[in-house]
Every structure is written in C-alpha cells, then in structure tokens.
Amino acid sequence: MLELARGVAQWAHGFKSGILFLFNTGEEEGLDGAHSFITQHHWRNSVIFAVDLEAMGISGKSTLFQGTDHWALESFAAVAKYPSAQIASQDVFSSGAIKSATDFQIYEEVGRLPGLDFAYTDTTSVYHTKNDKMALLKPGSLQHIGDNMLAFLLHSAASPKFLKDAQQRKQGKTEQDRAVYFDILGKYMVVYPLRLATMFHNSIILQSLLIWGTSLLMGGHPALVSFAISCLSIILMWIFSICLPVVVAFALPYMCPFPIPYVANPWLTIGLFGSPALLGAFIGQHIGFILLKRHLRRVHSKAKTGITPSMIENVTDLEAERWIFKSGFVQWLIALILGTYFKVGSSYIALIWLVSPAFAYGFLEATLSPVRLPKQLKVVTLVVGLVAPVVSSAGLAVRMADVIVGSIVRIDRNPGGLPDWLGNVIVSVAIAVVVCSTFVYLLSYIHISGDKRILGLLLSLSFGLSIALASSGIVPAFTEDVARSVNVVHVVDTTGVHGGHIEPVSYISLFSNTPGKLTNELVDLGGEEFSCGRNMTTDLVTFTVKYGCWSYKESSTGWSRSEVPVLLVESDSVIGGARQTVVSVDTKSSTRWTLGINKDGIDDFTVQVDSEKIVLPGDKSEIDGWHTIQFAGGKNSPTKFQLTLYWSSSKPSEREAKQAADAPLLVKLRTDVNRVTPQVARVVEKLPRWCTPFGKSTSPYTLAFLTALRVDI
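This is the structure in structure tokens:
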C-alpha cells in the first residue's frame, strides 16, 4: 500500500476523485477497525468505493475473490496486467463453507459500498502461525498485486464514468449488477452480467433438452434404456469414486504417525486419494459399460440385421463407448441446470464442460445416418473437446485443493471436538468430485482398449507408494515451515468447577487445532509431567478444548492474585415486574477479554463504562445458548465495566431448566495477558520444530484467567 501510494501520488493531478489509503487494525478482533472507520470517521461519507487487500495465505497471486458490480469488475479487467479472478471463490466464500470474514464485509453491509476484495491464498497452511513470515513471501506476489492495483487505481480515479457509477450505486439509484468473472491463464479476464449468463445458460439448456429429446424419440425404447443405463453409470461412477478414497480417509489415522500426513507435502493426496478416486470412477463407469453392452447385444440380436456375432460384439462395444462418453453431457447438463436455477456464478464451468466436448463430438463423431455402423471414438475428439475446459478450470482446481489441504491444519475449532478422520474425508471427497467431474470423458476411451489392467496397476502402485511414504514418515507430515498447530497456554481457573477448589487452579494447557492426539509432541516434553485425555477439557469462552494435555508442574508461579479478574453482583432486584441483575466486571491488568452470557433466561443486557453504554439494549444473537462479547483495547483502555442483565419475565421452560442444570453458568469471563510465563517458555522451547502456535481473534494469549458467575433462576 505504501508503494502504491508513492506511485499514485505521481499521477494524482489528473484525478476526478481522491484515493484514501486506510491502514487499520482490529480485523482479527471482529472487524473492529473497518467498522470504526465506516461508522465514526469524519471521512466516512465521502467514500464511494472500497478495495480490500486481504490474505489467507502468504504467496501466489493476489486473486480477486469478491466483487459487487459488473461495472467495477469490468473496469478492473480492462486495465489489470495479470488478472487473477475467480467467481467460484466468491461462491464458496458467500456460501459459508469458509468460516471467516474480511473487512470488505463491513464496507459492503454496513457502509453500503460497492467494491472489490483481493486475497493471497497459496501456502494457507501457515496462516496465523509463526511461519506467516516475510521470508516465505515471494517478491513476485507483491509485484503481481502492485502491477494490477496501480493500473486499476489510476484508471478508476481518473475516470468520470467510474465516479458516476460508484456514486449512483452508493446512493441507491442503481441496483447491484452481479457479474460472472474469471481469468484465463492469468492473461485475460472475462466479465459479463449474471443476467446475460442466465439467459445464455437457459438457451443452452433448452437446446440440449431438445436435442436429447429428439434423439431418444427417434431411437425409441432401446435408446431410452441405453440412456437410463448411461445415467446409472454416472451414479455408479460417483458412488465408487467417493467410497474408495473415503475408506482410505478413515484408515489413515490408524496407519500413519499423524491423522493428516500430507499437509507439508500436498502432492501426496494425488496418490492417497486421487488414485483410489480415479480407480473407483473407472470401476463404477465400467459396470455401467458392461450393462450397456448386455442391453445393446440383446437389441442387435433381436434386430436380425444379418450381422455376424463377432461384428455384433464389436458394434456393441463401440455403441456402449459412445453412450458412456455422452453420459458426461448429461452430468454437466444437470450441473448447469442446478447452477442456473440457484444463480451460482461459477456455473459457467458446467457450461464449458458441456458445450466444448459436445461440439467436438458433434463435429467429429456424430453419425447422421442410422444405417452407418459406429466407429471407435477418435483421440482428437477428446483433445479438442477438453482444451477449453482444462484451460479454464485446471488452475481453479489446484488452487482450491491447496486451500482445502492448508485449512485442515486449523479445522478443529474446538480442539478434540472433531474425529481424526474428518479432515481426510473432506479432502478425499473434494478430490473425488474433481475426478468425477473432469475424467468422465477420458475414462470412456479405456473400456474397450487394452489399457484397463495398466491403468489399474499404475493407480495401485501410486496408492501403495504414497501409503508407504506417509506411514513410514519418510515424507514428513509437518516441517518447520509448514507446521502443526499447537498452542501452549498458562491457565488460571477461578470458576471453582474443578473438584470444588476455592483457590485458583492453575495449569499449563497444551492443545491443537489440527486433528490428532498429542502423543508425538509429548516425546520431546519429557519431565514436564503432562497428562492427556478427553477429561482435560477447558472452557475458554470462545471455544472449548475437548482434548488436551495438562501439567501442574510449577504452574502456581508466573502470575499473581492481583491479576485474577473479578465478577461481582452489585444488585439483584425486580423493577416493574422484571428482574435485573447488575454485575461489576474488573478485568484487572487485561485489556483483551471475552465475556460469555447465558441467554437462557436472559432477554437482554447492556455494558457500560462509567456512564457511557458501549453495548446498547436490543436484539442479541446467540450460539448454543450463549452470546459472546470480545473486547480488545490499547494500554489506556478501561478495565472496569458494568454489566446489566435483564431477565425473561416468563418462567423458565423445561429446556432452559435442564440446560441451566447441565451448564450452571450465567456469565463466564476470560481475560488474556500477553506475557510468556517461565513454564510456558520452557514447554515452547522443548516442542518439536514442526509445531507452531496458531492465533486468531478467538485464541487466548499465553496467559489466560478464567472466572464465572453461576445461574440463579
């Protein structure tokens, strides 16, 4: 941004509008910095367009993954030197599959601003770890966003049309004009309105249905049965392709030192999951091929056309091959119909995978006369048909796979709360989806060739070699640069739930957001007296450690009683028939804290500092019965607050009473102190080099205090 500001300043004399560079903090604390600017800063009303520069990785291209309007995307596409853009990323992000948000969400939803959102996504496994460092940031990645963004800023700031479009959009005079966008090999960017895409898709769908309907009507009952069997081959292909790698996914935690042994070397997933997925796809499709042959053999035998048995066998092979190839059209036609119906921008992928192979088949393979016997599919048909689909989507598939594999490192938001095999299942299913989607045409060429055994042998060898490398540890699951997420926190617990202790209970807590037990880590922690298990649970307010390790060794030092936060009931009264409880909150030396409020029985609440209310009354959301407040301030931030709880006037329901009995906490508080105690420092020093702390807004610092108030309904 600093370099962009320097470059922009040299051309600012020709601008029609200004450019504001906003450096803000607080994104990880709940998008606070962006929210503060767009709601409080005196320049907020002058802003008409927002560009957000993000990262959920540390290398690769800076990809445009969210864009609000067609005209904005078109402006970027017109001037970007090396465009990298993909609406499929926007579809995934907006679907909620990625549990995250960026400052762009605040600008769009709160500020009602049009804009563009860019992010790095490569090497996402180091995201929010100690390895998220400058040494791994490639200069080419900075150059990429610099070249694209400088050209876009100079163009947009000098364009009267861009200024007019942005102003009208912000003022609500024009509605949001969604668009489909994607790049081709990082050289060209395609942008067109979503409404145009819908019209075009509907046209292709109607033409496809008309062609299929006419073809089946002319072919009669035999063609209908062949069509049904070819559709069955698609279903069998998907079932077998998903089932085989999923079996491997379940088995890996029992065969390898770590449940996910491929994070540092994602190429292992090709052999571990890709080979079984491709083998399963072929097996499922081949079953359909055999059924098709039986049906077609009966049809030709009954026809009495004078064809010899050997010729009938040859004809049935060739016809079955063609039906299997054409089943790919059906698969992608269904995907296009669903994508168009639900207005999914990335349904253009289905369009390309349908139209290009269909055009190649119609141009090079179609037999216009029913008298002509079928011929074997030409290789050139496959090559011509798949050039456009592969070029347009291969990069997306690789990028998505890298993001999914990298995200597995931090998939377990409640450490120990997910089964060890879940991450593997997600990766295996994703790979199976790619295999079934992209290999449906290619596999149809193998059924009548002599390459079936060779294919099976190669896939088996690939799988066996990958299993051997992963299970033996020859190829490590983690490295110093791509490490496992392991956090070490000195916990001081004053909730009184541990055996009825009155004095604070302090211990060193070890836990991981990466699936799997901490057995291998404990090898290097000899003498630290750690005990592990699912009984070592810790409620850290924003999440719960359901599997972890505790050590009480020398844990009573490194902190003082004066740092323990205090929750004190100042008053508990009934006003106007409604119960109100006033609680004073003293976070002591901490200016970063998280407060959980049990919403069962509590209608509303406020938080104030002195006489100023910082949380106003109104509808409050809840997750699993709790509303969570996160606070992060500077060194001069207040540490004393007043919490007023407004109870429900109705009697508690059976559900509320049961939950109150199961989780008898009204308010729970965690305060964080950014200090490394001697005990934590010693444990961190002993941890293997392939371990790294993982930190998000919900993560505690290395010293955390816990306290709570109990429910009294």
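Using the working numbering, the letters of the sequence shown correspond one by one to residues 312 to 1024. Where a beta carbon is used, it is the ideal one built from N, C-alpha and C, also for glycine.
Burial state of residue i, where buried means 16 or more other Cβ atoms lie within 10 Å
i       : result
Ile456  : buried
Val896  : buried
Thr580  : buried
Thr525  : exposed
Leu649  : exposed
Ala361  : buried
Phe674  : exposed
Thr374  : buried
Asn798  : buried
Phe653  : exposed
Phe670  : exposed
Ser901  : buried
Lys979  : buried
Met1026 : The structure shown has nothing for residue 1026, since the chain only spans 312 to 1024.
Ile495  : exposed
Spatial distance of residue i from residue j (CA atoms)
i      : j       : result
Arg724 : Phe1005 : 11 Å
Leu590 : Ser867  : 57 Å
Thr939 : Phe916  : 12 Å
Gly639 : Leu733  : 30 Å
Arg317 : Leu427  : 21 Å
Tyr499 : Ile540  : 41 Å
Leu507 : Val655  : 13 Å
Val335 : Met566  : Before going on, a small fix: residue 335 reads as Asn here, not Val. In a straight line, the C-alpha of Asn335 is about 46 Å away from that of Met566.
Ser748 : Leu644  : 12 Å
Gly811 : Leu342  : Here Gly811 scores only 47 on pLDDT, less than 50, and its place in the model is too uncertain to base an answer on.
Lys481 : Val701  : 39 Å
Asn442 : Asn459  : 27 Å
Phe561 : Val736  : 7 Å
Thr892 : Leu927  : 16 Å
Val574 : Arg890  : 53 Å
Ser621 : Val691  : 27 Å
Leu697 : Phe415  : 36 Å
Ser544 : Phe538  : 10 Å
Lys997 : Ser842  : 16 Å
Ser386 : Val746  : 35 Å
Asn513 : Ser658  : 12 Å
Ile359 : Gln478  : 6 Å
Val319 : Phe326  : 10 Å
Ser884 : Phe332  : 50 Å
Pro425 : Ile742  : 35 Å
Leu465 : Ile330  : 9 Å
Glu840 : Leu647  : 58 Å
Pro572 : Met847  : 25 Å
Collapsed DSSP secondary structure at residue i in the structure displayed
i       : result
Glu339  : coil
Asp713  : helix
Ala943  : strand
Pro572  : coil
Val358  : coil
Phe653  : coil
Met278  : This structure does not reach residue 278, given that the chain is present from 312 up to 1024, and the question cannot be answered.
Met460  : helix
Leu1014 : strand
Arg609  : helix
Arg489  : coil
Met847  : coil
Gln953  : strand
Pro564  : helix
Whole-Å CB distance - residue i paired with residue j, under 8 Å assumed
i       : j      : result
Arg872  : Thr825 : 35 Å between Cβ atoms; not a contact.
Phe777  : Leu583 : Residue identity check: residue 777 is Ser in the sequence provided, not Phe. Yes, they are in contact, since the Cβ atoms of Ser777 and Leu583 sit about 5 Å apart, within 8 Å.
Leu753  : Leu821 : Not really, about 48 Å apart at Cβ, beyond 8 Å.
Pro1011 : Arg981 : 6 Å
Val816  : Pro726 : Not confirmed; about 19 Å, so no contact.
Leu1027 : Leu878 : Residue 1027 lies beyond the range of the chain shown here (312 to 1024); nothing can be said about it.
Q: Please confirm if the region 1010 to 1017 is in contact with the region 827 to 836, defined as three or more CB-CB distances below 8 Å between the two stretches.
A: Note that the region 1010 to 1017 does not touch the region 827 to 836; fewer than 3 beta-carbon pairs, one per stretch, sit closer than 8 Å.
Q) Any contact of the region 525 to 541 with the region 704 to 723, i.e. 3+ C-beta pairs under 8 Å? A) The region 525 to 541, when compared against the region 704 to 723, does not touch it at the 8 Å Cβ threshold.
Q) Looking at C-beta atoms only, is the number of pairs between the region 434 to 451 and the region 711 to 726 that lie closer than 8 Å three or more? A) Enough Cβ pairs lie closer than 8 Å, so yes.
Q.
Counting beta carbon pairs with one atom in the region 509 to 516 and one in the region 380 to 396, are three or more of them shorter than 8 Å?
A. With the cut-off at 8 Å, the region 380 to 396 and the region 509 to 516 do not touch.
Q: Pair every Cβ in the region 402 to 414 with every Cβ in the region 384 to 391, then say whether three or more of these pairs are closer than 8 Å.
A: At 8 Å Cβ cutoff, the stretches do not touch.
(Q) Quick test of the definition: if touching needs 3 or more C-beta pairs under 8 Å, does the region 516 to 525 touch the region 550 to 558? (A) Not touching, per the Cβ criterion.
Q | the region 628 to 636 in contact with the region 601 to 619 per 3-pair CB rule at 8 Å | A | With the cut-off at 8 Å, the region 628 to 636 and the region 601 to 619 touch.
Q | Segment contact, 8 Å Cβ cut-off, at least three pairs: the region 754 to 768 with the region 592 to 599 | A | Contact between the region 754 to 768 and the region 592 to 599 is present, because at least three Cβ pairs lie under 8 Å.
Q. Is the region 936 to 954 in contact with the region 346 to 361, if contact means three or more CB pairs nearer than 8 Å?
A. No, they do not touch.
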